[in-house]
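A.B. asks: Below is a structure I'd like to ask you about.
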Amino acid sequence: MAQFDAIVIGSGVNSLVTAAILGKAGKKVLVLESRNEVGGLASTLEFAPGFKCNIIHDTLKWIDPRVMTELNLESHGLEWIIPNVVRIALGKNDKHITFHRDPKKTADSIAHLSKKDADVWEEFITYIDKSVNFLERLYQLTPPSVPNMGLSEALSMRSMLGPVFKHGSRGVVDLMRVMPMMMPELMDEWFENALLRSAVATAGIHHLSFGPFAAGTGYNLLHQHTHSGGVFHNIKFAKGGTIGLANALKTVAESYNVTIETNSQVSSIDTDNDICNGVTLVNGKSIKASITVSGLDPQNTFINLVGAPKLNPNFQTQLRNIKYRGSTARIHFALKDLPQINNISAEMMKTVFSIAPTIEYQEKAADSVKYGIVANEPTVEFTIPSFINPDFAPDSKHVLSATVQYAPYHLRNQKWTNSIKEDLIKTVTQMLENYIPNFPTLIESSMAISPPDLESEFGLTEGNLNHGEMTLDQFMFMRPTISAAQYSTPIGNLYICGPGTHPGGGLHCTNGFNTAQKIIKDY
Amino acid sequence: MPEIKKYDAIVIGGGHNGLTAAAYLGQAGKKVLVLERRHVLGGAAVTEEVFPGFKFSVCSYVVSLMKPNVMRELMLPRFGLELLPLESTFTPLDNDYLLRTADGDQTYREIARHSAQDAETYMRFGPLMGQIGMAVRPILETIAPNAIRPTISDLSSGKKLLDHIKSLSSEQFEYLTKLMTMSSADFLDEWFEFEPLKATMSTSGIIGTFMGPRSPGSAYVMLHHYMGDIDGAFRAWGFQRGGTGAVSMAIARSAEHYGADIMTEAPVEKVIVKNGRAIGVALENGDEYGSNIVISGLDPKLSFLKLLDEHDLPSDFVQDIKHFRIRGSSGKVNLALDGLPNFTCLPGGGHHLRGAISISPSYDHLEKAYDDAKYGNFSQKPFMDIILPSVLDPDMAPPGKHVMSCFVQYAPYDINGGWDDHKREAFGDAVVNAIAEYAPNIKDIILHRQVLTPADLESIFGLTEGNIFHGELTLQQLFSLRPAVKWADYSTPVKNYYQCGSGTHPGGGITGSPGEMAAKKILGIW
Amino acid sequence: MSYNNQFTAETQLKVSPFFERTSKLNESQEWRRWSGYLAATNYELTHENEYFAIRTKAALLDITPLYKYIIEGPEAQRFLDRLVTRNIYICKVGQVMYTPWCDEYGKVIDDGTVQRLSEHKFRITSAEPNLEWLQYNATGMDLIISDDSVSTAALALQGPNSRVILNTTANDSLDSLKFFWMMDTKFGDIPVSISRTGYTGDLGFEIWLDPKDALSVWDLLLEKGNPYGITPTGLQALDIARIEAGLILLDVDYISSRHAIIEARKSSPYELGLGWAVKMQKKDFIGKQALQREVAGGSEWEFMGIEIQWSELENHYRNVGLAPRLPSTAWRTSTPLYYNQEQVGYATSGAWSPILKRYIALAHIKSPFAKEGTVLDFELKVEHYRKLTPAQIVKTPFFDPERKRSCPK
């Protein structure tokens, strides 16, 4: 008899959510994590003595509200830090645009650069928010199996009608228009100021390998704004760092008797005649369970752990065609002092800064992906996590963490080396120096995390943070493949719950929640 | 007001779609007048003797998408439609080449020379795309339903489409979804490995479009071009004897056969609107013609923003038309030659000169060409789709001489600093230099050169921004959204005013489809 | 008499390494395309002598256009066992297995032979290119697949005298080489592999060699075989022989599921009479689950032989005042079969068997009607008019001589 009802592979936030919900439903759940702590992409790291960083995500853009209530995270240790300034787009000559929680204030900030743009800002927010409304509903659904959708599946999508009644069918049309758009197209319809256009467009390329001129960046922009409550570039911070979310999830899960084993790397997902019956660990131990859930990406789950020879050829084709192409690097700087940014007061520092003067600038940075080189003038977003969570750095010292696009996993005719990473740190240092004049002198130490680093540390195929590109061809019923888009897979009793499933990447936990619901429905 | 001659319908623009609509209406017994601004008919599908003895399909240069039922129903072969097959696609490379011909074994062997796997895959790819084409066809042949306020007939055609989509296999649906959303490079990368093959195939995804092969959305344009259908064979490109103008002339003769009046050098100034209804047109010379129905074959910007007053239209519609993306990205260079180009990689004459010659050695070549244009310059090393019409049809040039048609990307309409004579010549030089890289003798055999920039295409042919498709074929500009939501069924917010150009569903190319469907829509209402 | 001529057009088709000889011998100048190669249809003006060479003497055929792949590596056996429907684990070194292979829906992609060349090395032959499919399914396995189509030339020597010819040519005796086994030997100092296989249903061998030795081997065989009636033979004679032997041909009797486009065109191994080659007790192979379902639910079609009844056929012609007309060569036009006026199948290839003196065909028949002995109506055109004539369902092979399998005492 199986000791556990369900095994969950990986302990990223989605895995923990699936485990917790299943535990809550009375299942006996085992979580297996290969690293020595839970959290996956929400993890922190002491990258220099006394200096901690959020390895990947400094901010939380949105969390599925169902997860918040169902698991009552706030009473399990999750504390929010909610900034009023959500982003500052750094501009030339210290003319920045400040995005506030209050759109009127944002408009005021824009007005310094363009009165015309400031006038339509609130209208733009409403326009985006309307489209996002549809996505929010869509995200809560298990994608239908197409093209032969059954009646019950069609009926299950009726919740989509809510926003239709609210916003009219024009709202659907707007969604259909915006999703396939490229950023300059969307911006042409709204704004003239180059910095504003660029600052908005950064939401369209977040963690993507494509640049703003790619069709479909409209979809990525909307994805970043689901459940944003009408706040453009909405962010929140977790107290104690992003890991606070994972820790709260862990606490909840354990309260539902979920067993979490760290340092337990799975070496294979075991199947017999296309039915999964458990896993085998690297140490040779086999664990049986009637349900196995993988929070890993499709490549790792199927090709590596189930094993290519056990997959049917058609499914294998689909898996092989998933686009990963991680193109995002992270750089963490340990600083002697709090950096001073011209024209930015200290109370505005609890935010995200972006360096991307124009859309064309960002597109040129993205061109480097096509030619397999690291952008020499990348799009950079950075935060000072130690200013938000003082325990991240020793007294009066600070940490600056930057997200850098584009640093493609696939370099042409060469592999990632330490010297390429050093060069990247230099590039970013120089860029930061433009806004923080004494920046080089502040640096005590630094660390770059390249896409191959992400692959080796977190098992992210090609270093893609979203477990597969967030593009329209990998959306909804195509995510991760057309035959595995309902959280169940062609392998019986094997489920997937990571960002490689609908509705994609980020720390929003929707994937894990949807998977758990699907499993509960199936059993 | 002078005495007004009254027609059942007036078609603005003697392009091939306008003429098609006129012919169908004439066939149904309507009295139709076609008004063409230029001295020649055909719009972008036109043949002109640009230099004495040398005839050119000045703008559109190949025919593949023409709907067979239009050819049959309008009896076009009887009126001069003669399509000769383009036999091959030739991609010259630095020290090698890729030559695909009509023969399966030969093509298999040629591709296998570069990649055995690709040769195999290629044999499966063609039929698959044919299947996808079949799956798309019913969608293209449906009048796009009103997505906001569907009528009963919209609902029934919507239901039919839904049933059709449900009848597709999971595989067809998967590939269709991918083709609708991916880049042509990503799509082809799933199938092939030999880059010159992939790059050349991907060019179908960028022709007429301001995108590179790695731009998402270009796969749909590729599919659009795969719908090419001559004699029932998918993806068979053809060349019209006498140039593409002869296609237009065949349609014009068919229209005249059915009683249509056709006037050239008759530029329309305005559509006359009274009480929200179109009642006729006014020419630039002041003449006016009355009509029950007015149909514009021009692009959406011209049809609505130029021929009408904005206050005759609802403001959200004006907004949608203003947002409709028409971006010119291509130019055309027509060369009169003293002889044939001699390709270093495959010297002499042969099959490879009887088809398309594609300057597309790699994705990088195409992407770099696109990058130039993206940032406001013409491509220094452009992509080109070249044909030698006189090899297929000797009447196009004096005996022993040849004409060469080079479709060139990219040449952005919005070039930095604007187009001028100097830039036009520099663009022409870049094109000739790019050809000379593969066929060095070209410089010695050029007798005359005609360079058409997007600005020229706009001023000569009335193509806004020089876009040959009357608007980008992007997902948000297709079907029920082409050119604007609610008005994608050829009707417009102005009663009795219709549209039938490439800016309507199903889009550009010498298809005859918008003209046919607009006419059928109008006749259905009559 | 013959006309001295010179064909000068350069062919755009592939030519085999034997072409220098076969082109000179092809008096009819009739060629067919076979996998992009020029292949002789018949060498003489009619194929009759070549047909009888297969059945009474020895026929030499250039079969180089077959696709051939080498699969080598520690996991080659595991790979092939998963790929094909037969049990490769029991295939010994030196053994050859005929087998179909399927897609995951249990529909046949191709059929061919698997030769076990050594513990970790196999050769698989196929009618269509299969490199893509092989590579695809080899993901994550420790083996190398190489295209051997051009690097190995092949001849078939078929007919009752084939063994004696090889015994006089080869350094080793072939007397103990059993049906569907192979051996390495030499012709003088030329190394060759000889398998006791073929596509004629007769005693016969296939010879696998380095293309550089092609002309020497050809010359040697013609020289040594001359006293035994060796005859260069083309595809027309082969086509009759393979129908007599009940052997299927891709793209004639069935369509590869990789190219079929529509479901109705695809066939399972059971629907091609190859059920015997599907080893359900194997742990796993591509298509197993679908085939299990098919076994449980029954196949829609069966593949059978039919024999068009002579006297009724003769009567049809007698009625219009003609002696019976028979096809002089094998035909490949799909021909309807009826039972009580309802179409219940179609014949895909047929021929007049000169050795059996019977008009035979291979046919797809809907399972409920496919019982041996059942008489169906075969559509026949007699002087432009369609007639129905009885055809009885029979087992294949139509022709199955004892010598095909036996070894000399």
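Chains as they are written, first to last, in the numbering used here: chain A, 446 to 968; chain B, 68 to 593; chain C, 59 to 467.
For every residue, glycine included, the Cβ atom is placed at its ideal position computed from N, Cα and C.
Using beta carbons (cut-off 9 Å, strictly below), is B:Q172 in contact with chain C?
C.D. replies: The amino acid occupying residue 172 of chain B in the given sequence is Asp; Gln does not appear at that position. By this cut-off, B:D172 is an interface position.
A.B. asks: If you run the structure through DSSP and keep just helix, strand and coil, what is B:E187?
C.D. replies: It is helical.
A.B. asks: Which full runs of the beta strand (DSSP E) of 3+ residues lie inside the stretch 584-614 of chain A, going along the chain?
C.D. replies: Within the stretch 584-614 of chain A, no complete beta strand (DSSP E) run reaches 3 residues.
A.B. asks: Can you find a CB in chain B that lies within less than 9 Å of the CB of A:I927?
C.D. replies: For A:I927, the answer is yes, since a Cβ of chain B falls inside 9 Å of its Cβ.
A.B. asks: Hey, could you find the ends of the beta strand (DSSP E) C:Q135 is sitting in?
C.D. replies: Segment A134 to L141 is the alpha helix (DSSP H) holding C:Q135; no beta strand (DSSP E) there.
A.B. asks: Please return the same chain residues whose Cβ sits closer than 6 Å to the Cβ of B:D298, not counting the five positions on each side in sequence.
C.D. replies: Here the model assigns B:D298 a pLDDT of 38, short of 50, so the residue's position is not dependable and the matter cannot be decided.
A.B. asks: Run through DSSP, which three-state label would C:Q450 get?
C.D. replies: DSSP places C:Q450 in strand when its eight states are reduced to three.
A.B. asks: Given this structure, state the Cα-to-Cα distance separating C:W389 from C:G408, to the nearest angstrom.
C.D. replies: Distance between the alpha carbons of C:W389 and C:G408: 5 Å.
A.B. asks: Along the chain, where does the beta strand (DSSP E) that runs through C:D458 open and close?
C.D. replies: It is not in any beta strand (DSSP E) - C:D458 carries neither H nor E in the DSSP assignment.
A.B. asks: Sorted by chain position, which residues of the same chain lie with C-beta nearer than 8 Å to B:R139's C-beta, five sequence neighbours on each side aside?
C.D. replies: The answer is none, since no qualifying residue turns up.
A.B. asks: At the level of alpha carbons, what is the spacing between A:C1002 and C:I301?
C.D. replies: Residue 1002 of chain A cannot be examined here, being either before or after the span of chain A that is shown, 446 to 968.
A.B. asks: Identify the continuous beta strand (DSSP E) that holds A:M965 and give its terminal residues.
C.D. replies: Per the sequence presented here, residue 965 of chain A reads as Ile, with Met not at that position. It is not in any beta strand (DSSP E) - A:I965 instead sits in the alpha helix (DSSP H) that spans T955 to D967.
A.B. asks: Have a look at C:Q367 and C:Y417 and give me their C-alpha separation to the nearest angstrom.
C.D. replies: Taking the straight line from one Cα to the other gives about 8 Å.
A.B. asks: Taking A:N745 as part of the alpha helix (DSSP H), name the residues at either end of that continuous run.
C.D. replies: It is not in any alpha helix (DSSP H) - A:N745 carries neither H nor E in the DSSP assignment.
A.B. asks: Answer with yes or no whether the minimum CB distance from C:F457 to chain A is below 9 Å.
C.D. replies: So no, C:F457 is outside the interface.
A.B. asks: Can you confirm whether A:A683, when its beta carbon is compared against all beta carbons of chain C, has any partner nearer than 9 Å?
C.D. replies: False, the Cβ-Cβ gap to chain C never drops below 9 Å.
A.B. asks: On a CA-only basis, which of C:S386, C:E400, C:P459 and C:R463 is nearest C:L103? Give me that one, please.
C.D. replies: Closest by alpha carbon: C:S386.
A.B. asks: Is the stretch 760-770 of chain A in contact with the stretch 824-836 of chain A, if contact means three or more CB pairs nearer than 8 Å?
C.D. replies: With the cut-off at 8 Å, the stretch 760-770 of chain A and the stretch 824-836 of chain A do not touch.
A.B. asks: Is the shortest distance between the beta-carbon of B:D296 and the beta-carbons of chain C less than 9 Å?
C.D. replies: Residue confidence for B:D296 is low, a pLDDT of 46 falling below 50, so the modelled location carries little weight; the figure read from the coordinates is stated next. Not one chain C Cβ lies under 9 Å of B:D296.
A.B. asks: Spatial neighbours of A:G484 within its chain, please: C-beta separation below 6 Å, excluding the five flanking residues on both sides.
C.D. replies: Here the set comprises I688 and A691.
A.B. asks: Is DSSP giving B:N359 helix, strand or coil here?
C.D. replies: Strand at B:N359.
A.B. asks: What does B:R516 pair with, by DSSP beta-bridge criteria?
C.D. replies: Answer is B:L402.
A.B. asks: Determine the DSSP secondary structure at B:S371, reduced to helix, strand or coil.
C.D. replies: The question names Ser, but residue 371 of chain B is Phe in the sequence shown. Of the three classes helix, strand and coil, the one that applies to B:F371 here is helix, per DSSP.
A.B. asks: Kindly list, in the order they appear in chain B, the residues whose Cβ is closer than 8 Å to that of C:D205.
C.D. replies: The answer, in chain order, is A183.
A.B. asks: Using the C-alpha atoms, what's the distance from B:F123 back to B:S472?
C.D. replies: Their backbone Cα atoms lie some 7 Å apart in a straight line.
A.B. asks: In terms of residues, what are the limits of the alpha helix (DSSP H) holding C:I223?
C.D. replies: Its alpha helix (DSSP H) spans residues S220 to T227.
A.B. asks: Beta strand (DSSP E) containing B:T541: first to last residue?
C.D. replies: That residue, B:T541, is in no beta strand (DSSP E); it is neither H nor E in DSSP.
A.B. asks: For the candidate residues B:T174, B:M247 and B:I362, whose alpha-carbon lies nearest to that of B:N84?
C.D. replies: It is B:I362.
A.B. asks: Alpha carbon to alpha carbon, how far is A:T662 from A:A810? Give it in angstroms, no decimals.
C.D. replies: The straight-line gap from Cα to Cα measures roughly 15 Å.
A.B. asks: Got a sec: is the Cβ-Cβ distance from B:L420 to anything in chain A below 9 Å?
C.D. replies: For B:L420, the answer is no, since every Cβ of chain A falls outside 9 Å of its Cβ.
A.B. asks: If the criterion is Cβ atoms closer than 9 Å, does the pair A:A423 and B:S282 meet it?
C.D. replies: Residue 423 of chain A lies beyond the range of chain A shown here (446 to 968); nothing can be said about it.
A.B. asks: Out of B:A89, B:D75, B:T267 and B:I535, state which residue places its alpha-carbon closest to the alpha-carbon of B:M584.
C.D. replies: Per the Cα distances, B:A89.
A.B. asks: Let me see if you follow: with CB-CB separation under 9 Å, is B:R191 close to chain C or not?
C.D. replies: Yes, its Cβ sits closer than 9 Å to a Cβ of chain C.
A.B. asks: Per DSSP, B:H469 forms a beta bridge with which residues?
C.D. replies: Note: B:H469 sits in a beta bridge opposite B:L404.
A.B. asks: Please name the residue or residues paired with C:W89 in a DSSP beta bridge.
C.D. replies: Answer is C:A98.
A.B. asks: At 4 residues or longer, what runs of the alpha helix (DSSP H) sit wholly inside the stretch 806-833 of chain A?
C.D. replies: If we require 4 residues or more, the alpha helix (DSSP H) runs fully inside the stretch 806-833 of chain A come out as 830-833.
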